[in-house]
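Beneath this line is the structure, given in C-alpha coordinates, with notes to follow.
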Amino acid sequence: MDIRHTTNPTDVKQYDTERLRQEFLIESLFEPNKLNMTYTHYDRMVVGGAQPVGEEIALDAGDALRTEYFLERREIGFLSIGGPAIITVDGEAYELDKLDVLYVGKGKRDVKLASKDSANPAKLYFCSALAHAELPTRKMTREEANPLNLGAQETSNERVLYKYIHADGIQSCQLMLGVTSLQTGSVWNTMPSHVHDRRMEAYLYFDMAEETRVFHMMGEPSQTRHLVVGNEQAIISPPWSIHSGVGTSNYTFCWSMAGENYTFTDMDVVPASGLK
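In this text, residue positions in the sequence shown follow UniProt numbering: the first is 1, and each later residue adds one.
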(Lines of atoms letter the chains of each structure in order from A and count residues from 1; the text may use other names and numbers.)
(Lines give C-alpha, C1' and ligand atoms only; values in the text may rest on other atoms or scores of the structure.)
Protein backbone atom coordinates (compact mmCIF):
# COMPACT_ATOMS: atom_id res chain seq x y z
CA MET A 1 0.00 0.00 0.00
CA ASP A 2 1.46 3.32 -1.10
CA ILE A 3 0.63 6.06 1.43
CA ARG A 4 0.09 9.67 0.33
CA HIS A 5 -0.33 12.41 2.93
CA THR A 6 -2.25 15.63 2.44
CA THR A 7 -0.50 18.78 1.26
CA ASN A 8 -0.88 22.47 1.98
CA PRO A 9 -1.74 24.62 -1.06
CA THR A 10 0.71 27.27 0.10
CA ASP A 11 3.51 24.70 0.11
CA VAL A 12 2.51 23.23 -3.25
CA LYS A 13 3.34 26.56 -4.89
CA GLN A 14 7.01 25.69 -4.29
CA TYR A 15 6.93 22.15 -5.75
CA ASP A 16 8.87 21.29 -8.88
CA THR A 17 7.64 18.78 -11.46
CA GLU A 18 9.19 15.77 -9.72
CA ARG A 19 7.59 16.65 -6.38
CA LEU A 20 4.19 17.27 -7.97
CA ARG A 21 4.32 13.83 -9.57
CA GLN A 22 5.37 12.18 -6.31
CA GLU A 23 2.45 13.69 -4.43
CA PHE A 24 -0.42 13.56 -6.94
CA LEU A 25 0.30 11.08 -9.77
CA ILE A 26 -0.24 7.31 -9.54
CA GLU A 27 1.89 5.96 -12.38
CA SER A 28 1.45 2.18 -12.14
CA LEU A 29 -1.90 0.53 -11.43
CA PHE A 30 -2.11 -2.58 -13.59
CA GLU A 31 0.41 -5.42 -13.35
CA PRO A 32 -0.34 -9.12 -13.99
CA ASN A 33 -1.68 -10.89 -10.88
CA LYS A 34 -0.91 -7.97 -8.60
CA LEU A 35 -3.05 -5.65 -6.49
CA ASN A 36 -1.74 -2.07 -6.53
CA MET A 37 -3.23 0.38 -4.03
CA THR A 38 -2.63 3.96 -2.94
CA TYR A 39 -4.03 5.24 0.35
CA THR A 40 -4.56 8.99 0.30
CA HIS A 41 -5.24 10.97 3.45
CA TYR A 42 -7.62 13.11 1.42
CA ASP A 43 -10.91 11.72 2.79
CA ARG A 44 -9.12 8.37 3.36
CA MET A 45 -9.77 7.21 -0.20
CA VAL A 46 -7.99 4.12 -1.51
CA VAL A 47 -7.29 4.11 -5.26
CA GLY A 48 -6.21 0.86 -6.87
CA GLY A 49 -5.98 -1.45 -9.84
CA ALA A 50 -5.83 -5.18 -10.49
CA GLN A 51 -5.06 -7.29 -13.57
CA PRO A 52 -5.83 -10.94 -12.79
CA VAL A 53 -4.32 -13.33 -15.34
CA GLY A 54 -5.04 -17.02 -14.84
CA GLU A 55 -5.64 -16.72 -11.10
CA GLU A 56 -7.86 -14.90 -8.63
CA ILE A 57 -6.72 -11.84 -6.70
CA ALA A 58 -8.17 -11.33 -3.23
CA LEU A 59 -9.06 -7.81 -2.11
CA ASP A 60 -6.65 -7.55 0.80
CA ALA A 61 -4.70 -4.64 2.24
CA GLY A 62 -2.71 -6.68 4.76
CA ASP A 63 -2.34 -4.73 7.98
CA ALA A 64 -2.37 -1.31 6.29
CA LEU A 65 -5.95 -0.53 7.35
CA ARG A 66 -5.66 -2.12 10.81
CA THR A 67 -9.00 -3.85 10.26
CA GLU A 68 -9.92 -7.53 10.12
CA TYR A 69 -10.86 -7.32 6.43
CA PHE A 70 -10.82 -4.65 3.71
CA LEU A 71 -14.52 -3.69 3.77
CA GLU A 72 -15.01 -3.84 7.53
CA ARG A 73 -15.46 -0.06 7.60
CA ARG A 74 -15.36 0.74 3.87
CA GLU A 75 -17.29 0.66 0.61
CA ILE A 76 -15.81 0.20 -2.86
CA GLY A 77 -16.61 0.75 -6.52
CA PHE A 78 -15.02 -1.35 -9.29
CA LEU A 79 -14.83 -0.19 -12.93
CA SER A 80 -13.95 -2.69 -15.66
CA ILE A 81 -11.64 -1.17 -18.30
CA GLY A 82 -10.20 -4.34 -19.87
CA GLY A 83 -11.42 -7.81 -20.80
CA PRO A 84 -14.47 -9.47 -19.16
CA ALA A 85 -14.08 -9.68 -15.38
CA ILE A 86 -15.61 -11.82 -12.65
CA ILE A 87 -15.87 -10.38 -9.15
CA THR A 88 -16.99 -12.79 -6.44
CA VAL A 89 -18.48 -11.21 -3.31
CA ASP A 90 -19.03 -13.56 -0.38
CA GLY A 91 -19.57 -16.43 -2.83
CA GLU A 92 -21.81 -14.59 -5.34
CA ALA A 93 -20.26 -13.98 -8.76
CA TYR A 94 -20.78 -10.86 -10.89
CA GLU A 95 -19.59 -10.63 -14.49
CA LEU A 96 -18.47 -7.24 -15.77
CA ASP A 97 -17.85 -6.19 -19.35
CA LYS A 98 -15.91 -3.07 -20.25
CA LEU A 99 -17.31 0.08 -18.59
CA ASP A 100 -19.55 -1.92 -16.24
CA VAL A 101 -19.37 -0.96 -12.55
CA LEU A 102 -19.87 -3.00 -9.39
CA TYR A 103 -20.51 -1.38 -6.01
CA VAL A 104 -19.74 -3.46 -2.91
CA GLY A 105 -20.84 -2.14 0.44
CA LYS A 106 -19.50 -2.20 3.96
CA GLY A 107 -19.39 -5.58 5.71
CA LYS A 108 -18.61 -7.85 2.76
CA ARG A 109 -15.71 -10.06 3.84
CA ASP A 110 -14.56 -12.09 0.85
CA VAL A 111 -13.99 -10.27 -2.46
CA LYS A 112 -12.07 -11.97 -5.26
CA LEU A 113 -11.15 -10.61 -8.69
CA ALA A 114 -10.65 -12.76 -11.79
CA SER A 115 -10.62 -12.69 -15.58
CA LYS A 116 -13.20 -14.60 -17.57
CA ASP A 117 -10.58 -15.28 -20.26
CA SER A 118 -6.89 -15.22 -19.36
CA ALA A 119 -6.06 -14.53 -23.03
CA ASN A 120 -8.05 -11.27 -22.71
CA PRO A 121 -7.37 -10.34 -19.08
CA ALA A 122 -9.56 -8.05 -17.05
CA LYS A 123 -8.36 -4.71 -15.73
CA LEU A 124 -10.28 -3.55 -12.68
CA TYR A 125 -9.90 -0.01 -11.40
CA PHE A 126 -11.34 0.67 -7.95
CA CYS A 127 -11.91 3.45 -5.45
CA SER A 128 -12.82 2.88 -1.82
CA ALA A 129 -14.10 5.31 0.83
CA LEU A 130 -15.07 5.04 4.48
CA ALA A 131 -18.67 3.93 5.05
CA HIS A 132 -21.10 4.34 7.96
CA ALA A 133 -23.82 1.90 6.82
CA GLU A 134 -24.22 -1.39 4.97
CA LEU A 135 -25.70 -1.01 1.49
CA PRO A 136 -26.43 -3.74 -1.08
CA THR A 137 -24.00 -4.91 -3.72
CA ARG A 138 -25.13 -3.70 -7.13
CA LYS A 139 -23.88 -3.95 -10.69
CA MET A 140 -24.62 -1.34 -13.35
CA THR A 141 -23.82 -1.68 -17.06
CA ARG A 142 -22.73 1.17 -19.29
CA GLU A 143 -26.19 1.22 -20.91
CA GLU A 144 -27.94 1.36 -17.54
CA ALA A 145 -25.88 4.41 -16.57
CA ASN A 146 -28.12 6.56 -18.83
CA PRO A 147 -25.39 8.04 -21.05
CA LEU A 148 -25.63 11.82 -21.50
CA ASN A 149 -24.28 13.54 -24.60
CA LEU A 150 -22.66 16.83 -23.64
CA GLY A 151 -20.43 19.55 -25.05
CA ALA A 152 -19.79 20.49 -28.66
CA GLN A 153 -17.21 20.04 -31.37
CA GLU A 154 -16.77 23.81 -31.54
CA THR A 155 -15.46 23.89 -27.95
CA SER A 156 -13.41 20.67 -28.35
CA ASN A 157 -15.31 18.92 -25.53
CA GLU A 158 -17.96 16.76 -27.19
CA ARG A 159 -18.33 13.86 -24.76
CA VAL A 160 -20.51 11.14 -23.28
CA LEU A 161 -21.07 11.12 -19.51
CA TYR A 162 -21.93 7.95 -17.59
CA LYS A 163 -23.05 8.29 -13.95
CA TYR A 164 -22.92 5.09 -11.91
CA ILE A 165 -22.55 5.62 -8.17
CA HIS A 166 -24.50 8.70 -7.09
CA ALA A 167 -27.71 9.81 -5.40
CA ASP A 168 -29.94 8.82 -8.34
CA GLY A 169 -28.01 5.69 -9.34
CA ILE A 170 -26.19 3.08 -7.28
CA GLN A 171 -26.58 4.12 -3.65
CA SER A 172 -23.51 4.55 -1.45
CA CYS A 173 -22.54 6.22 1.80
CA GLN A 174 -20.22 8.85 0.32
CA LEU A 175 -18.50 7.40 -2.75
CA MET A 176 -19.43 8.83 -6.16
CA LEU A 177 -18.13 7.42 -9.45
CA GLY A 178 -18.65 7.90 -13.16
CA VAL A 179 -16.95 7.87 -16.56
CA THR A 180 -16.57 10.53 -19.24
CA SER A 181 -15.56 9.58 -22.79
CA LEU A 182 -14.44 12.26 -25.25
CA GLN A 183 -15.40 11.95 -28.90
CA THR A 184 -12.87 11.98 -31.74
CA GLY A 185 -11.59 15.53 -32.20
CA SER A 186 -12.41 16.60 -28.63
CA VAL A 187 -9.65 17.00 -26.05
CA TRP A 188 -10.83 19.19 -23.13
CA ASN A 189 -12.36 17.90 -19.91
CA THR A 190 -13.91 19.84 -17.01
CA MET A 191 -13.65 23.26 -18.60
CA PRO A 192 -14.71 25.71 -17.27
CA SER A 193 -12.98 24.31 -14.24
CA HIS A 194 -14.16 24.23 -10.63
CA VAL A 195 -13.19 23.36 -7.08
CA HIS A 196 -15.26 21.64 -4.37
CA ASP A 197 -13.58 22.23 -1.05
CA ARG A 198 -15.70 19.63 0.74
CA ARG A 199 -14.77 16.68 -1.52
CA MET A 200 -11.59 15.22 -2.93
CA GLU A 201 -11.52 13.62 -6.37
CA ALA A 202 -9.50 10.99 -8.21
CA TYR A 203 -9.11 10.73 -11.98
CA LEU A 204 -8.06 7.69 -14.03
CA TYR A 205 -7.17 8.43 -17.66
CA PHE A 206 -7.49 5.45 -20.02
CA ASP A 207 -8.26 4.32 -23.58
CA MET A 208 -5.32 6.43 -24.71
CA ALA A 209 -2.88 5.54 -27.47
CA GLU A 210 0.58 4.81 -26.09
CA GLU A 211 2.16 7.90 -27.63
CA THR A 212 -0.55 10.34 -26.49
CA ARG A 213 -0.63 12.34 -23.26
CA VAL A 214 -3.07 14.38 -21.18
CA PHE A 215 -1.93 17.64 -19.59
CA HIS A 216 -3.85 17.54 -16.31
CA MET A 217 -4.36 20.98 -14.79
CA MET A 218 -4.26 21.32 -10.99
CA GLY A 219 -3.53 23.84 -8.25
CA GLU A 220 -5.35 26.85 -6.89
CA PRO A 221 -7.07 28.93 -9.60
CA SER A 222 -4.52 31.71 -9.11
CA GLN A 223 -1.55 29.28 -9.02
CA THR A 224 -2.17 26.56 -11.61
CA ARG A 225 0.23 23.72 -12.29
CA HIS A 226 0.10 20.75 -14.65
CA LEU A 227 0.99 17.06 -14.72
CA VAL A 228 1.70 15.11 -17.91
CA VAL A 229 -0.29 11.86 -17.68
CA GLY A 230 -0.05 8.66 -19.72
CA ASN A 231 -2.52 5.85 -20.37
CA GLU A 232 -3.97 4.12 -17.28
CA GLN A 233 -2.40 6.56 -14.85
CA ALA A 234 -4.37 8.24 -12.07
CA ILE A 235 -4.43 11.64 -10.37
CA ILE A 236 -5.20 12.49 -6.74
CA SER A 237 -6.99 15.84 -6.75
CA PRO A 238 -7.13 17.75 -3.43
CA PRO A 239 -10.36 19.57 -2.49
CA TRP A 240 -8.68 22.97 -2.95
CA SER A 241 -7.44 22.18 -6.47
CA ILE A 242 -8.94 22.63 -9.90
CA HIS A 243 -9.03 19.47 -12.03
CA SER A 244 -9.19 20.05 -15.76
CA GLY A 245 -7.24 18.54 -18.61
CA VAL A 246 -6.40 18.69 -22.29
CA GLY A 247 -5.09 15.81 -24.36
CA THR A 248 -3.02 15.37 -27.49
CA SER A 249 -5.94 13.20 -28.67
CA ASN A 250 -9.31 12.11 -27.28
CA TYR A 251 -9.44 9.82 -24.23
CA THR A 252 -11.71 8.46 -21.50
CA PHE A 253 -11.47 9.11 -17.78
CA CYS A 254 -13.06 7.81 -14.59
CA TRP A 255 -13.87 10.37 -11.91
CA SER A 256 -14.59 9.43 -8.32
CA MET A 257 -15.25 11.56 -5.27
CA ALA A 258 -15.52 11.22 -1.50
CA GLY A 259 -16.06 13.71 1.27
CA GLU A 260 -18.56 15.85 3.08
CA ASN A 261 -21.32 16.33 0.50
CA TYR A 262 -23.16 13.92 -1.79
CA THR A 263 -24.25 16.17 -4.62
CA PHE A 264 -22.84 17.18 -8.00
CA THR A 265 -23.92 20.81 -7.54
CA ASP A 266 -21.60 21.45 -4.58
CA MET A 267 -18.87 23.20 -6.56
CA ASP A 268 -17.44 26.64 -7.18
CA VAL A 269 -17.02 27.23 -10.91
CA VAL A 270 -13.90 29.06 -12.06
CA PRO A 271 -14.15 30.60 -15.55
CA ALA A 272 -11.13 30.37 -17.81
CA SER A 273 -10.65 34.13 -17.39
CA GLY A 274 -10.13 33.53 -13.65
CA LEU A 275 -7.25 31.08 -14.08
CA LYS A 276 -3.59 32.06 -13.87
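Backbone N, C-alpha and C define an ideal beta-carbon position, used for all residues, glycine too.
Candidates the options, of which the one nearest residue i by Cα
i      : options                        : result
Trp188 : Leu20, Phe206, Thr155          : Thr155
Thr263 : Ser172, Met1, Cys127, Lys139   : Ser172
Asn8   : Tyr42, Glu31, Asp2             : Tyr42
Asp197 : Arg213, Ile165, Gln183, Gly259 : Gly259
Phe78  : Leu204, Leu148, Ala152, Thr184 : Leu204
Thr6   : Gly274, Val101, Pro238, Thr248 : Pro238
Met267 : Phe30, His243, Asn250          : His243
Tyr164 : Arg213, Arg225, Leu99          : Leu99
Arg138 : Asp110, Leu96, Tyr162          : Leu96
Gly107 : Ser118, Leu135, Tyr94, Asp117  : Leu135
Thr184 : Glu232, Met200, Gly247, Ala167 : Gly247
Three-state secondary structure assigned by DSSP to residue i
i      : result
Gln51  : strand
Val187 : coil
Gly91  : coil
Arg66  : coil
Ala129 : strand
Thr137 : coil
Asp268 : strand
Glu220 : strand
Gly107 : coil
Ser273 : helix
Asp11  : helix
Leu20  : helix
Leu29  : coil
Thr59  : Residue identity check: residue 59 is Leu in the sequence provided, not Thr. Note: Leu59 maps to coil in three-state DSSP.
Residues near residue i by beta carbon distance below 7 angstroms, same chain, minus five either side
i      : result
Leu227 : Leu20, Arg21, Phe24, Leu25, His216, Met218, Ile235
Ser181 : Arg159, Val160, Thr252
Glu56  : Lys112, Leu113, Ala114
Asp90  : Lys108, Arg109, Asp110
Thr67  : Arg73
Buried or exposed by the 16-neighbour rule on C-beta atoms within 10 Å, applied to residue i
i      : result
Val269 : exposed
Lys276 : exposed
Thr10  : exposed
Ala85  : buried
Ser273 : exposed
Gly54  : exposed
Asn120 : exposed
Lys13  : exposed
Glu92  : exposed
Ala152 : exposed
Gly105 : buried
Glu211 : exposed
Ser28  : exposed
Ala131 : buried
Cβ neighbours of residue i in the same chain (closer than 6 angstroms, five flanking residues each side left out)
i      : result
Met37  : Met1, Val46, Gly48
Lys123 : Phe30, Gln51, Ile81, Gly82
Leu175 : Glu75, Gly77, Ala129, Ile165, Ala258
Leu150 : Arg159, Leu161
Closer than 8 angstroms: residue i CB and nearest the ligand SAH heavy atom
i      : result
Leu124 : This structure lacks the ligand SAH; in fact it carries no ligand of any kind.
C-beta neighbour in chain C for residue i, strict 9 angstroms
i      : result
Ser273 : The question asks about chain C, but that chain is absent: this structure has only one protein chain.
Cutoff 8 angstroms; reference residue i; Cβ partners in own chain excluding five residues on either side
i      : result
Ser193 : Met217, Pro221, Ile242, His243, Ser244, Val269, Val270, Ala272, Leu275
Thr224 : Met217, Met218, Ile242, Leu275, Lys276
Tell me the start and end of each unbroken beta strand (DSSP E) in the segment 143-215 that is at least 3 residues and wholly inside, in chain order. As far as the segment 143-215 is concerned, its whole beta strand (DSSP E) runs of at least 3 residues are 148-150, 159-165, 176-182, 193-195, 199-206.
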